[in-house]
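*Asks:* Take the sequence shown: its position 18, counting from 1, is numbered 20 in the numbering used here, and each next residue is one higher. Structure incoming, see below.
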Amino acid sequence: EFTAMKQALEYVRGLRYKPRMLGIPVEEPAFVFGDNQSVLANTSVPGSTIKKKMNSLSYHFIHEGCARDERRTAYINIHLNF
3 EFTAMKQALE YVRGLRYKPR MLGIPVEEPA FVFGDNQSVL ANTSVPGSTI KKKMNSLSYH
63 FIHEGCARDE RRTAYINIHL NF
């Protein structure tokens with residue numbers, strides 16, 4: 003789940019980059035919704051520990067963007083996720 007969120011956020015970073023290169027300011031954070039509460043909780047808790055290295059790299063990428071307020075992660079119920 004961390005790897006999937008990392009890939010999605012890399013795509014979002016690219017989408018935010020293009021308007022800035024055209025001179026359009028992008029000041030608001032991107033909202034990313036997910037249905038896995040453990041991943042979303044770990045992105046906002048700086049003291050959480052991750053055991054696998056690949057998940058740890060993805061965690062730090064996700065947490066870095068949240069700390070810079072580049073993006074915000076939030077939970078959405080699986081029944082409301084279309």
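Backbone N, C-alpha and C fix where the C-beta goes; we use that ideal spot for every residue, glycine too. Note that the structure is predicted; figures quoted are calculated from it, not measured.
1. Quick one: Cα of glycine 25 to Cα of tyrosine 19, how far?
2. Using the C-alpha atoms, what's the distance from threonine 45 back to tyrosine 13?
3. At which residue ranges does the segment 27–71 contain complete beta strand (DSSP E) runs of 3 or more residues, listed in the order of the chain?
4. Output yes or no for whether 9 Å exceeds the beta carbon distance between methionine 7 and serine 60.
5. Write down the C-beta distance between serine 58 and isoleucine 52 rounded to the nearest angstrom, noting that I regard them as a contact closer than 8 Å.
*Replies:* For this structure:
1. The count along the sequence shown starts at 1 and reaches residue 25 at position 23. The count along the sequence shown starts at 1 and reaches residue 19 at position 17. Taking the straight line joining both Cα atoms gives about 10 Å.
2. For this step, residue 13 is matched to residue 11 along the sequence shown. For this step, residue 45 is matched to residue 43 along the sequence shown. The straight-line gap separating the alpha-carbon atoms of tyrosine 13 and threonine 45 is approximately 18 Å.
3. Unbroken beta strand (DSSP E) runs of no fewer than 3 residues, entirely contained in the segment 27–71, are found at 32–36, following chain order.
4. What you label residue 7 is simply residue 5 of the sequence shown in a count that begins at 1. What you label residue 60 is simply residue 58 of the sequence shown in a count that begins at 1. Remark: C-beta atoms of methionine 7 and serine 60 approach each other more closely than 9 Å.
5. The residue given as residue 58 occupies position 56 in the sequence shown. The residue given as residue 52 occupies position 50 in the sequence shown. Contact holds; Cβ gap of about 4 Å.
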